Structures are given as structure tokens and as C-alpha cells.
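In the working numbering, the protein residues as written are -6 to 311.
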């Protein structure tokens, strides 16, 4: 629970510091321009900017900035939980990073460094924090790398793989997701538009343990009464991948981006499954039938393809 308060505190510090710096640099005009961009996308034209529209433009830009700042706060909270470091140094580092970007960055720089995470905390309770480094050759081509550390996730009833076993009575599901690595080339056909993501993804081995309660179950040709534990592993692999994404560059050098790059070229890998029963012993035939059912549920879920998801904030500079 304390990490929730830590995240909120760091987020508040970064938010107000960033707003103070941006408005001291006259960023209101940039926010109005962003509002006009929204108008072009939604209505195919830019409307005259009144005071009210300027206010909405500012609110729209702040809403986007909110997402980026939340990403940084999530990154810091994850580091605290993993490294057990002193909060004050992490908070100071976050503020300095936020201050340094608008004060020192140049518009649309060639080099890019960023903070990212591979899970959406409000959906999974996980962060999978990481870093990204890259180089913009021009407005259309970017090459870079992304690395995300391993993470421990309590998915429980949100686990697709546990639910897809068909066993019912899920008590808990805990997953250790391996580290992720992406070598990426982005191709942006239209400047300021979405980009195509091409490259190679490395996913280290994942391991999930699902516990099912004690009850009567029909497994194969027989009925059994007892509890079941499933240990499921997906082996590590290095695969070609393709996907899409979008990055918005602010004039102060900060950028928000998200992309999804996945191996669509090979089939979903078949996991290694280990069944542990309590209160009964499965026959060989029924065990094979259950394993087949579990494998079918796993390979039928596209989330189990090798991939890298990114949501984060970066800094462009020359």
C-alpha cells in the first residue's frame, strides 16, 4: 500500500515542476497548437483559437502529459520495490530528469533516450520497467533498442492461461515474466503519423503457477475430487517481429510514445506443463487429455506470442 502513496507523491512533484517550467518557457502556444492538431484529426480543419479553445487546448495537452508523468512515477515505484532504494534519491532524480529535458533539449533531436514500461499498472498491477535508446536518421526512419527487466505479477482471475485450462475454481495465479529486449526500426510514412515497427524481439522464459481449489472435476473419461496446481513455462526465444506505434514530440524535447511489436511469423509456442494433484491421481490417458486441453487453450491465445509492448516517455536531443 505504501508504494501507492510513494507513486502519488513522486507524481505530484513531477507534475507541478514540469508545469512550472513549461509555462515559464511560454509553452501555452504549444498547447494551443496541440489543440488545433486535435481539431484537424477530428474535424479535418483548424478552428479559430479563442480564449476558451486555448483553455481546452491546454487541458488536452496536460491530459497527455499526465500519462507520461504517470509512466515515470510507475517506473520509480517499480525500482523502489525491486531495489529497495532510498526514496528521496529516486524522487530527486525524477525531478532533475523532468527539469533537464525542457531546459536542455532541442526540438526534434536526432538522439533519443527514454523510460518505458511493458505492462499497464491499472490493468495488471505490474510495471515491467525498462529503458529505450535510439537514433532518428530523418523524419521517417528511427533505429533503437528497448530493454525491460523481469517482473512478478499476480494475475489471478485475469490470467488468460489459467482461465483457458477449463479446470474452474481458480484460487490464484502468479507469473514471473522474463526480461524483454527489442531491436527496432521504426518507419513513419507520414510525418507526425503512426509508425510501423520492425525488428527482433527477445523474450526470456516466463513461468506461471496457477492453483485451483478442491472440488469434483470431470477430467478426460473420469471424475476426480481434489485440488490441482499447474506450473506452466514458456521457453526463451529470439524472434522476428512486426507491429505499430505512435510517438508525439513536444517542442521542449519530451516525447510520449507507445508501440506493440510481435512475432506474427511463427506459431504460438507450446508451453511446458507440470500438473500437481492433491487428493487423487490422474490416469495416464486423462492426464494426456488434460495436457492437450491446456495446450490448446494456451496456443489459441495470441498474447502468448513473443512480443514487446512499450508505453513511456523519452527525451530527444542533438
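We put the CB at the ideal spot given by N, CA and C, even for glycine. Predicted model only: the values in this text are computed from it and were never measured.
Cβ distance (whole Å) where residue i is taken to contact residue j below 8 Å
| i | j | result |
| --- | --- | --- |
| residue 124 | residue 107 | 7 Å |
| residue 104 | residue 294 | Wrong, their Cβ atoms sit about 38 Å apart, outside the cutoff. |
| residue 255 | residue 234 | 5 Å |
| residue 221 | residue 270 | 6 Å |
| residue 143 | residue 170 | 6 Å |
| residue 168 | residue 226 | Contact flag wrong, Cβ pair sits at about 11 Å. |
| residue 180 | residue 146 | Wrong, their Cβ atoms sit about 32 Å apart, outside the cutoff. |
| residue 253 | residue 237 | 7 Å |
Residue i versus residue j: straight-line alpha-carbon distance, rounded
| i | j | result |
| --- | --- | --- |
| residue 130 | residue 240 | 15 Å |
| residue 305 | residue 166 | 27 Å |
| residue 268 | residue 193 | 33 Å |
| residue 136 | residue 182 | 15 Å |
| residue 307 | residue 204 | 40 Å |
| residue 177 | residue 257 | 15 Å |
| residue 159 | residue 152 | 12 Å |
| residue 187 | residue 272 | 55 Å |
| residue 212 | residue 291 | 18 Å |
| residue 284 | residue 196 | 24 Å |
| residue 184 | residue 164 | 49 Å |
| residue 190 | residue 281 | 40 Å |
| residue 207 | residue 126 | 49 Å |
| residue 274 | residue 128 | 57 Å |
Classification of residue i by the beta-carbon crowding that lies within 10 angstroms, buried from 16 upward
| i | result |
| --- | --- |
| residue 296 | exposed |
| residue 94 | In this predicted model, residue 94 has a pLDDT of only 43, less than 50, meaning its place in the structure is not dependable; the value taken from the coordinates is given anyway. With 16 or more other Cβ atoms within 10 Å, it is buried. |
| residue 217 | buried |
| residue 277 | exposed |
| residue 199 | buried |
| residue 303 | buried |
| residue 298 | buried |
| residue 215 | exposed |
| residue 138 | exposed |
Residue i - DSSP class collapsed to helix/strand/coil
| i | result |
| --- | --- |
| residue 290 | helix |
| residue 156 | helix |
| residue 220 | strand |
| residue 285 | helix |
| residue 190 | strand |
| residue 317 | This structure gives no information on residue 317, because the portion of the chain shown stretches from -6 to 311. |
| residue 311 | coil |
| residue 258 | coil |
For residue i: DSSP bridge partner residues
| i | result |
| --- | --- |
| residue 312 | No information on residue 312 is available, as it lies outside the stretch -6 to 311 that the chain covers here. |
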